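Visitor: If you read the sequences in order, they're chains A and B. The numbers in the working numbering rise by one with no breaks, and the one at position 178 of the first sequence is 178. The numbers in the working numbering rise by one with no breaks, and the one at position 523 of the second sequence is 841. Once you've had a glance at the structure underneath, I'll fire off some questions.
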Amino acid sequence: MKFVTKLAALSLLVASFGFSNVANAKDSTKPIVIPIHNWSSQIVMAYVIGGIFESIGDNVEYVPADSQAVYESIRNGDVTISHEVWQSTFGKSFYNAMTKGGVIDAGTHAATTLEEMGVPTWVVEKGLCPGLPNWEALKSEECYKNFTTADSGGKGRWLEGPQSWHGDLMPERLKALGLDDKWTVKFAGGADALWTELASAKKEGRGTVVFNWTPNFTDAEGFTFIEFPAYTDGCRKADGGEGKCGSPKGWLKKAANYKFPKTHPHAYTIFSQLSFTTPQIGQMAALVDVDKMDHKDAAKQWLKDNEAIWKPWTQAGM
Amino acid sequence: MIEALRQKKYLQFILLVIFFLILCVVITPSEGNWFWRLPPLIKELPLIINNGVDYVMFDWWLIDVWDPDIEEYEEKPLMNQFTRSASGVVLFMIEFVREIFLGGVKTIVTFTGWDWATENEWARWPALPWTVVAGGAAILGYALKGPRLALFVGFTFVYIAVFGQWEPSMETLSFVLIAAPMSVLLGLLLGIWAFRNKYVEMVLNPILNVMQIMPHFSYLVPVVVFFGIGDHAGAIATVIFATPPMVRLTILGLKKLSPEIAEAGLMSGCNNRQLLFKVLIPTARRDILIGVNQVIMSCLAMVVIASLIGAKGLGNNLLIALNQLRIGLALELGVCIVLIAIMLDRLSLAWADKQVDYFADLSFVERHKFSLMFGVVFIVGVLLALIGSLVFKEGFNYLYLIPHNKGITTQDFWQAGVDWVWDTFFYALKSFNEWFIVEVLVPVKSAYLAMPVAATFVLAMGIGYIVGGARVGLAVGGFLLFIALTEWWDRALITAYLMTLSVLISTFIGVVMGTLCAQNPVTTRIMLTICDTFQTFPSFIYLIPVMMLFGVTDTSVLIAIVVYATVPATRYTIQGLLSVPPQLHEAGSMSGVNRVQRYLAIELPMAFPHMALGINQTVVFALSMVIIGALIGTDDLGQLILKSLSDKDGVGNGLVLGLCVAFIGLAIDQVLRTWANQRKQALGLA
């Protein structure tokens, strides 16, 4: 008997390393723990993925978690997966946890992401900085004088996310591009601060340069990312380069605890195959942000409308 | 000349300031100059703490544990197993209470396992209909106090249900119903222990000091590492935050008792335990109750922060709402939190005030009338829910559980209010904001940063020495030395700059408002309720409107701090003024002083020691809010504490940064407390 279980365990192990045929392996009934962060697309996608897992009979549990601290929890097994690992914002936390051991890379979404400084599109239309989105436009005085604030000392201001997101990347970039006598960086405290700045700048009709990303709910209103010199591997200061480059077209990864393939082979196969595109993620966010639905209802709605997309993933694992 | 200097403290202060200014001018700012900035000698401390924690949690004393899921033995460290079992117990208790309100499967799973529960779909614990919970709570209020409390409690639950926040509110309530008693019990036990044993008190005192001032953000990561993520982690962080005042007030209450009471108990033949639980604690009830009140307030103040490490409920929904800039929704959630806080506070007060009637001779019905009433409410509620399931076809049974966000809502109204304020005041505020930043904030900030470290030490230690002698001076110096030897001295200066300005503004507003409101019992009561509200109202909510009006600037941070830190200044001013005996007022009036003279010459000096404690609390509140201000965007210690959530060395960084903040507070605490005690002695109050 013992031999048999050992054999089963071994076959599971083998199966999880690439052979997609995990036919008879049964998922544990222990709940799969999915983290909930504080932005719409992530929450809806959490319930969508949870719904897919439930459709194959697995138990699911949701737990609110800080989006940076969550990787430590995945490592310890308190949380099973993370389904939105943004390259430039969470890449560091993700790889830190991976180095310590316990987190595995469960594949990449089809959606590419961009995390970059930019302006609301109406700022471009209003001509507050002629020449945008090319970054050279930032050099002219008729541009940066429209972006000064009381505490920026006469320079234009970039409102960057908290320092925990990318450290000193933006100040270094300003310096490398020779813009540091015309622009300065202010670190905001969180995403709320960025959205508040967008809202109040719009009301006031004042120029603002903020850090933002896509896919995001701001896409709907129009947001123009500044085009910096193209990203090449190792061009950033932190990687030993000069720092004269913009952000890469980033990946959106999925992370999981190292035991997940063994405890829930079926669910893991689905999770590793599952891949959302930029429009799909946008749709999920829009159900909440535009249609003002509850996150759970939005997920149900999305699952109902898009069976053709997610049903095949569950089949493939069988 | 020297004689005069010895006598007159203000001369000493003037001399100190002159010396300080000379130092500021003489010392040149340069990297290598130790008078300018000390070298970061304990830079490695966070890393050491981190490695220590890692070792204990992941490498120390490995034991083989069978993992049934992957059917393998795994090497697991003992400590990890131990803390995880502890958190399992806490989690079970929270889930149990939660499922009484909301239903579920976790409690059943605990006894049968997931396999069984998944196969047997029927084995689900049903939720109580909201009508039953509301009715039952109202009966509880009636039984403990009377109809007015019953009405208030009932109103709270109906409000929550009608606004569609039933589920998150019950999640929060179940969390608080476990965290608060845990804090109270722990605080009571530690307090009694410290009361009986001098050494324990000596050890406990500094730890409590640090715990009370340390910003809660800084121990989130350690809690996650030790206890994992989820409701239990939130509860444990809350207990850490809420217990210190309970310990403090227990010790205070027990110490205040006159020896006659203990002797009376002994004479009646109490043994030690009876003496403690039947005589001393009931007599010290008043102070212990204030402790319970503080615990409840702190628990609800932590609801939002606890949701960062996995607590479900109102706090989490509030963060999400704010991220979508839905201030109206966030406001409604905030009101739910405040209502739950006030309700629990009133209920616990009523429970503690209730006297047992030992001589009543009651019939069965009289003795059990409340249980019987609850029985009736239960049956009616369940029947209503059944009827509801027939009436409402679309899946929402409004008489059973009102689904989340399907209730009525006033958020559009609040949203419109916020927009109106924006449209009306924006331009006036904007020019004020610009003036304030350019003329006040930026100069003060650069002045703080331009202070050489030697000058800062001379000034701070000098003040300590003048006020409280060499002991206080050295204590202040010790606290500052720790900060100066980390690599974060400049950050700490920025924190100090925000704190100083906000404490000055808060104290001014608090003293003025407190004085005005203390003149009349009605305004006093209103003001104290406002204080309660602001203390539990999640400060995150007003961060957004403030940011809308003042942008991502230090002005916003300052305003957010002032709103919060004015509470203790006001509260203690009122309490201090009320504690002045009326005989003194009359004695003053008889000697012919007018109202203003009486206030300035009698009431204010008499109330001063109390008010000094208020300022002390203002400092603590300001420091904790400076860290939350980091969510707006600052470049002080707070930003780094936030950053520690994602650092590789997060545990060590968070804790050391937290200690830095705590030490700023403790240095000020030393001076203020000594001063207040001296004044008390001089006035014959101590």
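All C-beta atoms in this analysis are idealised placements derived from N, C-alpha and C, irrespective of residue type, glycine included. Being a predicted model, the structure only gives us computed values, none of them experimental.
1) Give the straight-line distance between the Cα atoms of tyrosine 882(B) and glutamine 853(B), rounded to the nearest whole angstrom.
2) Out of Ser247(A), Asp239(A) and Thr214(A), state which residue places its alpha-carbon closest to the alpha-carbon of proline 229(A).
3) Return the Cβ separation of leucine 138(A) and valine 119(A) in integer angstroms, given the expectation that the two are a contact with Cβ distance under 8 Å.
4) Please say whether serine 857(B) and isoleucine 946(B) have beta carbons closer to each other than 8 Å?
5) Would DSSP call methionine 117(A) helix, strand or coil?
6) Output needed for valine 597(B): all residues of its chain with C-beta closer than 8 Å, excluding positions within five of it in sequence on either side, in chain order.
7) In whole angstroms, what separates the C-alpha of isoleucine 827(B) from that of arginine 889(B)?
8) Would DSSP call tryptophan 740(B) helix, strand or coil?
9) Taking the C-alpha atoms as reference points, what is the distance between isoleucine 319(A) and lysine 92(A)?
10) Given a cut-off of 8 Å on the beta-carbon distance, is the pair valine 60(A) and isoleucine 34(A) in contact?
11) Could you check the C-alpha separation between glycine 795(B) and tyrosine 328(B) for me, to the nearest Å?
12) Please report the straight-line C-alpha distance between isoleucine 336(B) and alanine 773(B), rounded to a whole angstrom.
13) Please identify the residue among Trp251(A), Thr149(A), Phe260(A) and Gly234(A) whose C-alpha is closest to the C-alpha of isoleucine 270(A).
14) Can you pull the chain A neighbours of serine 625(B), defined as C-beta to C-beta under 8 Å?
15) Helix, strand or coil: which one does DSSP assign to glutamate 321(B)?
16) Are the stretch 252–259 of chain A and the stretch 98–110 of chain A in contact at 8 Å, needing three or more beta carbon pairs?
17) Taking the C-alpha atoms as reference points, what is the distance between glutamate 84(A) and leucine 626(B)?
18) Quick one: Cα of phenylalanine 400(B) to Cα of glutamate 389(B), how far?
19) Looking at C-beta atoms only, is the number of pairs between the stretch 682–702 of chain B and the stretch 628–638 of chain B that lie closer than 8 Å three or more?
20) Would you mind working out which of Ala69(A), Gly154(A) and Thr196(A) sits nearest aspartate 737(B), comparing C-alpha positions?
21) Is it buried or exposed for methionine 500(B), if we count other Cβ within 10 angstroms and need 16 for buried?
22) Output the boundary residues of the beta strand (DSSP E) element that contains valine 48(A).
23) Count the C-beta pairs between the stretch 202–220 of chain A and the stretch 869–881 of chain B that are closer than 8 Å, then say yes if the count reaches three, no if not.
24) With H, G and I counted as helix, E and B as strand and the rest as coil, what does DSSP make of proline 447(B)?
25) Suppose you measure from the CA of tyrosine 71(A) to the CA of glutamate 393(B); what does that come to, to the nearest Å?
26) Applying the 10 Å Cβ sphere with the 16-neighbour rule, what's the burial state of tyrosine 460(B)?
27) Keeping to the same chain, check which residues put their C-beta closer than 8 Å to that of asparagine 363(B); ignore five residues upstream and five downstream.
28) Kindly list the residues whose CB is nearer than 7 Å to the CB of glutamine 330(B), restricted to its own chain and excluding five residues on each side of it in sequence; keep chain order.
29) Identify each residue in the stretch 155–178 of chain A for which the Cβ-Cβ distance to at least one residue of chain B is less than 7 Å, and report them in chain order.
30) Alanine 308(A): buried (16+ other C-beta within 10 angstroms of its C-beta) or exposed?
31) Can a CB atom of chain B be found closer than 8 Å to the CB of lysine 203(A)?
32) May I have the straight-line CA-CA distance separating serine 909(B) from leucine 567(B), to the nearest angstrom?
33) For glycine 250(A), which of helix, strand or coil comes out of DSSP?
34) Rounded to the nearest angstrom, what separates alanine 456(B) and alanine 703(B) at their Cα positions?
35) Going by DSSP in three states, tyrosine 62(A) sits in which element: helix, strand or coil?
36) Below 9 Å on C-beta distance, what does alanine 69(A) contact in chain B?
Guide: Taking the definition as stated:
1) As a first step, residue 882(B) is located in the second sequence; it is residue number 564 there, counting from the start. As a first step, residue 853(B) is located in the second sequence; it is residue number 535 there, counting from the start. Distance between the alpha carbons of tyrosine 882(B) and glutamine 853(B) is about 7 Å.
2) Here residue 229(A) corresponds to residue number 229 of the first sequence, with the count starting at 1. Here the closest residue by C-alpha is Ser247(A).
3) Translated into positions along the first sequence, residue 138(A) becomes position 138. Translated into positions along the first sequence, residue 119(A) becomes position 119. Incorrect: roughly 10 Å between the Cβ atoms, too far for contact.
4) As a first step, residue 946(B) is located in the second sequence; it is residue number 628 there, counting from the start. As a first step, residue 857(B) is located in the second sequence; it is residue number 539 there, counting from the start. In this structure, serine 857(B) lies closer than 8 Å to isoleucine 946(B) by Cβ.
5) Here residue 117(A) corresponds to residue number 117 of the first sequence, with the count starting at 1. Three-state DSSP puts methionine 117(A) in a strand.
6) Sequence index remark: in the second sequence, residue 597(B) carries index 279 (1-based). Ile579, Ala580, Ala582, Gly583 and Cys588, listed in sequence order.
7) In the second sequence, residue 827(B) corresponds to position 509, counting from 1. In the second sequence, residue 889(B) corresponds to position 571, counting from 1. Their Cα atoms are separated by approximately 12 Å.
8) Translated into the one-based positions of the second sequence, residue 740(B) becomes position 422. Tryptophan 740(B): helix per DSSP, three-state reduction.
9) Outside the shown range of chain A, which is 1 to 318, sits residue 319(A), and nothing can be said about it.
10) Sequence index remark: in the first sequence, residue 60(A) carries index 60 (1-based). Sequence index remark: in the first sequence, residue 34(A) carries index 34 (1-based). Yes, the Cβ-Cβ distance between valine 60(A) and isoleucine 34(A) is below 8 Å.
11) Reading the second sequence from its first residue, position 477 is the one you call residue 795(B). Reading the second sequence from its first residue, position 10 is the one you call residue 328(B). Roughly 21 Å between the two C-alpha positions.
12) On the second sequence, position 18 is the one that residue 336(B) refers to. On the second sequence, position 455 is the one that residue 773(B) refers to. In a straight line, the C-alpha of isoleucine 336(B) is about 11 Å away from that of alanine 773(B).
13) Reading the first sequence from its first residue, position 270 is the one you call residue 270(A). When each option's Cα is compared against that of isoleucine 270(A), the closest is Phe260(A).
14) Within the second sequence, the letter at position 307 stands for residue 625(B). For a Cβ distance threshold of 8 Å, residue set Pro64 of chain A lies close to serine 625(B), ordered along the chain.
15) Your numbering for residue 321(B) matches position 3 in the second sequence. Looking at glutamate 321(B) - three-state DSSP - the assignment turns out to be helix.
16) yes
17) Counting from one through the first sequence, the residue named residue 84(A) turns up at place 84. Counting from one through the second sequence, the residue named residue 626(B) turns up at place 308. In a straight line, the C-alpha of glutamate 84(A) is about 17 Å away from that of leucine 626(B).
18) Start at 1 with the first residue of the second sequence, and residue 400(B) comes out as number 82. Start at 1 with the first residue of the second sequence, and residue 389(B) comes out as number 71. Spanning the two alpha carbons is a distance of roughly 21 Å.
19) no
20) Residue mapping note: residue 737(B) aligns to position 419 of the second sequence, counting from 1. Nearest of Ala69(A), Gly154(A) and Thr196(A) to aspartate 737(B), Cα basis: Thr196(A).
21) Numbered from 1 along the second sequence, position 182 holds the residue referred to as residue 500(B). Label assigned to methionine 500(B): buried.
22) In the first sequence, the residue the question calls residue 48(A) occupies position 48. Run containing valine 48(A): none in the beta strand (DSSP E); it sits in the alpha helix (DSSP H), 40–55.
23) no
24) Counted from its first residue, the second sequence places residue 447(B) at position 129. Three-state result, proline 447(B): coil.
25) Within the first sequence, numbered from 1, the residue matching residue 71(A) stands at position 71. Within the second sequence, numbered from 1, the residue matching residue 393(B) stands at position 75. Rounded to the nearest angstrom, the two C-alpha atoms are 21 Å apart.
26) Residue mapping note: residue 460(B) aligns to position 142 of the second sequence, counting from 1. Buried, since its Cβ has 16 or more Cβ neighbours within 10 Å.
27) Here residue 363(B) refers to the residue found at position 45 when the second sequence is read from its first residue. For the record, residue 363(B) in the displayed sequence is leucine; it is not asparagine. For leucine 363(B), where only same-chain residues beyond five positions count, the Cβ hits under 8 Å are Thr804, Gly970 and Val974.
28) In the second sequence, the residue the question calls residue 330(B) occupies position 12. Taken in chain order, the residues that qualify are Leu323 and Ile784.
29) Leu159, Pro162, Gln163 and Ser164
30) One-based indexing of the first sequence puts residue 308(A) at position 308. Flag for alanine 308(A) reads exposed.
31) In the first sequence, counting from the first residue as 1, residue 203(A) sits at position 203. It does; some Cβ of chain B falls within 8 Å.
32) Along the second sequence, read from residue 1 onward, the residue named residue 909(B) stands at position 591. Along the second sequence, read from residue 1 onward, the residue named residue 567(B) stands at position 249. Going from the Cα of serine 909(B) to the Cα of leucine 567(B) covers about 38 Å.
33) Within the first sequence, residue 250(A) is the residue found at index 250, counting from 1. Strand.
34) Translated into the one-based positions of the second sequence, residue 456(B) becomes position 138. Translated into the one-based positions of the second sequence, residue 703(B) becomes position 385. One C-alpha to the other measures close to 19 Å.
35) Here residue 62(A) refers to the residue found at position 62 when the first sequence is read from its first residue. In this structure, tyrosine 62(A) counts as strand in the three-state DSSP scheme.
36) Numbered from 1 along the first sequence, position 69 holds the residue referred to as residue 69(A). Leu538, Val539, Val542, Ile547, Leu626, Ile627, Leu963, Ser964 and Gly968, listed in chain order.
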